[in-house]
Structures are given as structure tokens and as C-alpha cells.
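Undergrad: Before I ask anything, here is the structure I am working with.
Numbering (my numbering), first residue to last: 94 to 434.
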């Protein structure tokens, strides 16, 4: 079988935070997009529907409501529509929720990804790009986190499913030649963001005069990455099909590359921010001080994240650059407008 170069691009998780922004950018570039989402209720489905309403008003966009765990439905979709490329962003998200509801992560993140890989094998695409996560670094403490380091000690089931995705994708790149790139996202934030993420929760609580929970007593660092930077990175990677690494050696295996058409990249701001500084930037943008509940570290959390993005810069010429104050101000402007606060 050959790929269909004129086919639409499939974006899974299209009603999600990153998927919505990616669909918008692709449509602006004249790309025909099929968006897939199951619109589950992990967080307020109304926000997902509102994102979707924005997309469905644009020419070149089609929507399919489907759960990736429905393997027959996924197989039919690939059979009926010859996709040129696939960007897989759908997943059961959230580190803490994976402790409460582990099976949701196996069904969606492992079973769903398997259905997608089978679709890409049986109906070949020119490039499969999939979302991994900075959480795969787990107990690693060597900073900045590099795709060339081993990541064999996850501290949450969510992280373990993302590592599993990387391994499954590599197997399909090796066995069937599916050109595949995995992207490890670092704490994405910005307009239309997820309500379970810190920026959204903090903003909502501060505006409502409620205290915010600050974990590990504020001694946390995150490589917060603005949504526009994430999307620019995804677009550039999508248009750069991975090639086998001729220097790869099984004597000293490099986890970030392969003799198969497979690559891994970090997409992070390459500039960790102290949690208390992050909260301070929110307070400044809102003009209000937060009441803080200092809490212990949560199970599954890590104290710091910091992305080495040398590979991204070298291979696709991109480095995220949005300052935290600018990104937070943009989010708060969206939040006030959307919720009419």
C-alpha cells in the first residue's frame, strides 16, 4: 500500500486544549483536517464543545466523534478516509487522576494508541506524530532532561502509558516503516487551557476569593511552555519526516533516535520557573494576591522539569520563546472574556 499525499490530516483529541489550537493553525495554513474526539467528561465537556464550535465554523474541517478504544470504529475510519498524516493528541490526561482511575489510562492511552498504530500500518501515512510527556522522565534528576537519557523509572501510571506509547511507536516504525515522531510536552499553558491545570485552577480560585493549594510547599519548578510555541513546534516536526539514524549503534543505544524512521523531541521553554514566581505572575496579571494553602508533594508528582531542546532546534530550527508574564496575561485575558468575569 502507498500513502495518500492528498488526503486530510487526522488530529485526534481535536476538542482538547492542544488539539484545538493545532487544528486552528493547520486550517489557517489551508490543510484539510479531520478532527477526532470522544468528548469525555474528565473535565467540563462544555469547554470542549465551545472549542469544537470554533473549529466547525471554518472551511476544511470535519469532525468525527469516536473513542479510540473502539478499535473497529478506528479501523473503519482509516479504511474510509485515506489520511496523509496523523497527529495523535488524544489521551486520558492527568497524573493525579491516574492514581484514582488507572484503567481509564490503559483503555485510552495504550489500547487507543494500539488501534491508531494499526490504522497507520494498514493504511500507510507519510508521518505519525504523537504526544508523549515530560512525565516520562520520572525519577531522573540530571537536568536538563534529554531525549538521549534512559527513562525507565516513571512515578505515575500516566507516565508509564506515555513511555509505553514511545516503545509501541518504535516497534511499528521498525517493523512496518511507519515514520513516527514522539513529542514530550512540558507543562503546556495558555488560552482555552484545561481546567485541571495549575494556571486555570489558580486563576479561578483567586478571582473567586478562594485559597489555592500550593504543593511541595511551593518548592517546585516547571518548564512552563506557551501553547503557541507548542503548536509551532508540532507543525515544524510534522513537516519534517524522520529518517533512520545511520550512526545508531546497538552497543550504545541512543533512546532518542533509531535505525528505524523514528525520533523523539522535547518541546519545552528551556527555562524552568519557580512555582512561587509563577503564582506571583498570576497575581500581578490579576492585580490580586492569592491566599495560599501550603501542601506536601502529591503522589506521582516530581519536584522539577527542565527540557533540553537541542534536537528540536537543530533538526527543525525552532526554540520556544514566549515569556511567562506574556503567556499568563494572554490566558487571563481569554479567561475573563470567556467566563465574563
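In this text, a Cβ means the ideal position worked out from N, Cα and C, and glycines have one as well.
1. In this structure, does DSSP put residue 448 in helix, strand or coil?
2. Give the DSSP-derived three-state secondary structure of residue 334 in the structure shown.
3. Taking three-plus beta-carbon pairs below 8 angstroms as touching, is the segment 230-249 in contact with the segment 293-301?
4. Under 7 angstroms, do residue 201 and residue 97 count as touching if we go by C-beta distance?
5. Less than 7 angstroms between the beta carbons of residue 323 and residue 271, yes or no?
6. Let's see if you can read the secondary structure: which residues bound the beta strand (DSSP E) around residue 263?
7. How would you label residue 183, buried or exposed, when you count the other beta carbons within 10 angstroms and need 16 or more for buried?
8. In whole angstroms, what is the alpha-carbon distance linking residue 225 and residue 256?
9. Where does the unbroken alpha helix (DSSP H) through residue 141 begin, and where does it stop?
10. Report all residues from its chain with a CB closer than 7 angstroms to the CB of residue 239; omit the five preceding and five following residues, and keep chain order.
11. Output yes or no for whether 7 angstroms exceeds the beta carbon distance between residue 399 and residue 365.
12. On the criterion of 16 or more Cβ atoms from any shown chain inside 10 Å, does residue 426 qualify as buried, or is it exposed?
13. Just the C-alpha distance for residue 404 and residue 273, rounded to the nearest angstrom, thanks.
14. Go ahead and label residue 285 buried or exposed: buried means 16 or more other beta carbons lie within 10 angstroms of its beta carbon, across all protein chains shown.
15. With DSSP as the reference, label residue 327 as helix, strand or coil.
16. Using CA coordinates, which residue listed in 301, 308, 372 is at the minimum distance from residue 521?
17. Residue 155 and residue 127: beta carbons closer than 7 angstroms?
18. Taking the beta carbon of residue 250 as the centre, do at least 16 other beta carbons fall within 10 Å, making it buried, or is it exposed?
19. From residue 420 to residue 344, what does the alpha carbon distance come to, in whole angstroms?
20. Drop a sphere of 10 angstroms on the beta-carbon of residue 332, count the other beta-carbons inside from all chains shown, and report buried for 16 or more, exposed for fewer.
21. Quick one: what's residue 220 bridged to in DSSP?
22. Just to confirm, is the Cβ distance from residue 188 to residue 361 under 7 angstroms?
23. Please go through the same chain and pick out, in chain order, the residues whose beta-carbon is closer than 8 angstroms to the beta-carbon of residue 310, but skip the five residues on each side of it.
24. Could you tell me which residues DSSP pairs with residue 410 in its beta bridges?
25. Need the endpoints of the alpha helix (DSSP H) that residue 199 sits in, please.
TA: Concretely, from the data shown:
1. For residue 448 there is no data in the structure shown, the boundaries of the chain being 94 and 434.
2. In the structure shown, residue 334 sits in coil (DSSP, three-state: anything other than H, G, I, E or B).
3. Too few Cβ pairs lie closer than 8 angstroms, so no.
4. For the pair residue 201 and residue 97, the CB atoms are not nearer than the 7 angstroms cut-off.
5. With contacts defined by Cβ atoms closer than 7 angstroms, residue 323 and residue 271 do not form a contacting pair.
6. It is not in any beta strand (DSSP E) - residue 263 instead sits in the alpha helix (DSSP H) that spans 250-269.
7. Residue 183 should be labelled buried.
8. 7 angstroms
9. 138-149
10. 401
11. yes
12. exposed
13. 15 angstroms
14. Residue burial annotation: residue 285 is buried, with at least 16 other C-beta atoms found within 10 angstroms of its C-beta.
15. helix
16. Not covered by the structure: residue 521. The range shown for the chain is 94 to 434.
17. yes
18. buried
19. Annotation: residue 420 to residue 344 spans about 44 angstroms, alpha carbon to alpha carbon.
20. The residue in question, residue 332, is exposed, as its Cβ has fewer than 16 Cβ neighbours within 10 Å.
21. Under DSSP, residue 220 takes part in a beta bridge, and its partners are 178.
22. No. Outside cutoff.
23. Here the set comprises 387, 388, 389.
24. The partner list for residue 410 (beta bridge, DSSP) is empty, contrary to what the question assumes.
25. Under the DSSP assignment, residue 199 falls outside any alpha helix (DSSP H); it carries neither an H nor an E label.
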